[in-house]
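In this note's numbering, the protein residues as written are 694 to 1012.
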């Protein structure tokens, strides 16, 4: 690995994990190469047809989640960039996406006639996944803030044949505030928040170099503002997923607790995932969280040999 974990990072992870053996397994896994995975774009092709096509290419593939045949793991050692160079990729038959990154939309479970807000949408993996589950029906507003990311988002939506999505380019908080002023409300909301990326070290080892307690503290403040602004747009009875690809409780449970403290009509609801996860924390350092946060999901790289992730499903109670 190009960058070694800082002593404070090791201390941070030691407190999060169960014991020395657990920490050792984590440290061993983050030094290994992560297997590639793809999601079949069911707007264009069915999983079995694509599976056979890829197997004729000589790819060794598996479908690790029985209930979701569209989730495919590449067991072969492919050439760098090979996944993005195939005819099937160019035609939008699949999206190269980490399996844990697919969990927020599976947990949100948008329905065909829903109105969905994806407030931090680029590059579009979760937006295209939602559009496929919604069968290109209903409406998605997919927002991001930088023009470069918007261009990538737009390209991916077009490649995947998504037609139920409107792209906006705004700061997530500013857009949420503007939509609130015109009483725009959503059935489903995804807040896949910008984060410190602790779960993504195998793909982006530079995360170890950039990691600091100060970075986490600053991100936590921003995440709380983004999540609250988005939550203001949720219909009574509507559901929201808050997710990150990091392990830091300041960016996860602390953000959800902030929402619970400031929104008495909000509740955490149980959701099952097709991969191994651990319950959310009820305490971190001196901060205590609701016992309901045990319903949140912590996904560590060494539990599934996948990217690390956090997600929590929330519902606004009916009046």
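Every residue, glycine too, gets a C-beta built ideally from N, C-alpha and C.
Predicted model, so just to flag it, every value in this text is computed and none were measured.
According to DSSP, simplified to helix, strand and coil, what is residue i?
| i | result |
| --- | --- |
| residue 849 | helix |
| residue 959 | strand |
| residue 858 | strand |
| residue 799 | helix |
| residue 836 | strand |
| residue 706 | helix |
| residue 790 | coil |
| residue 804 | coil |
| residue 750 | coil |
| residue 700 | helix |
| residue 738 | coil |
| residue 940 | coil |
| residue 863 | coil |
| residue 818 | helix |
Should residue i go down as buried or exposed, given a rule of 16 or more other Cβ atoms within 10 Å for buried?
| i | result |
| --- | --- |
| residue 867 | exposed |
| residue 840 | exposed |
| residue 932 | buried |
| residue 1007 | buried |
| residue 980 | exposed |
| residue 930 | exposed |
| residue 894 | buried |
| residue 875 | exposed |
| residue 884 | buried |
| residue 963 | exposed |
| residue 811 | buried |
| residue 721 | exposed |
| residue 751 | exposed |
| residue 965 | exposed |
Could you give the distance in angstroms between the alpha-carbon of residue i and the alpha-carbon of residue j?
| i | j | result |
| --- | --- | --- |
| residue 948 | residue 973 | 12 Å |
| residue 991 | residue 745 | 34 Å |
| residue 777 | residue 783 | 7 Å |
| residue 912 | residue 955 | 19 Å |
| residue 772 | residue 834 | 35 Å |
| residue 1013 | residue 927 | Nothing about residue 1013 can be reported from this structure: the residues present for the chain run from 694 to 1012 only. |
| residue 748 | residue 754 | 7 Å |
| residue 698 | residue 705 | 11 Å |
| residue 831 | residue 994 | 34 Å |
| residue 712 | residue 985 | 24 Å |
| residue 886 | residue 779 | 31 Å |
| residue 723 | residue 701 | 17 Å |
| residue 756 | residue 823 | 20 Å |
| residue 889 | residue 915 | 12 Å |
| residue 728 | residue 768 | 7 Å |
| residue 862 | residue 846 | 11 Å |
| residue 740 | residue 858 | 23 Å |
| residue 696 | residue 878 | 44 Å |
| residue 787 | residue 733 | 4 Å |
| residue 952 | residue 943 | 13 Å |
| residue 717 | residue 935 | 29 Å |
| residue 829 | residue 807 | 11 Å |
| residue 957 | residue 982 | 15 Å |
| residue 871 | residue 919 | 13 Å |
| residue 825 | residue 976 | 37 Å |
| residue 968 | residue 996 | 9 Å |
| residue 1004 | residue 970 | 10 Å |
Between residue i and chain D, is any beta-carbon pair separated by less than 8 Å?
| i | result |
| --- | --- |
| residue 729 | Looking for chain D here will not work: only one protein chain is present. |
Please name the residue or residues paired with residue i in a DSSP beta bridge.
| i | result |
| --- | --- |
| residue 879 | 927 |
| residue 811 | 835 and 883 |
| residue 1005 | 935 |
| residue 766 | 730 and 755 |
| residue 972 | 990 |
| residue 1018 | Residue 1018 falls outside the range modelled here, since the chain spans only 694 to 1012, and no answer is possible. |
| residue 946 | DSSP lists no partner for residue 946. |
| residue 980 | 977 |
Mind the definition here: the segment 792 to 804 touches the segment 812 to 824 only if three or more C-beta pairs lie below 8 Å; say whether that holds.
-> Contact holds: three or more Cβ-Cβ distances are below 8 Å.
Inspect the CB distances between the segment 982 to 999 and the segment 900 to 912 and report whether three or more fall short of 8 Å.
-> no
Do the segment 850 to 864 and the segment 885 to 903 make contact, defined as three or more Cβ pairs closer than 8 Å?
-> no
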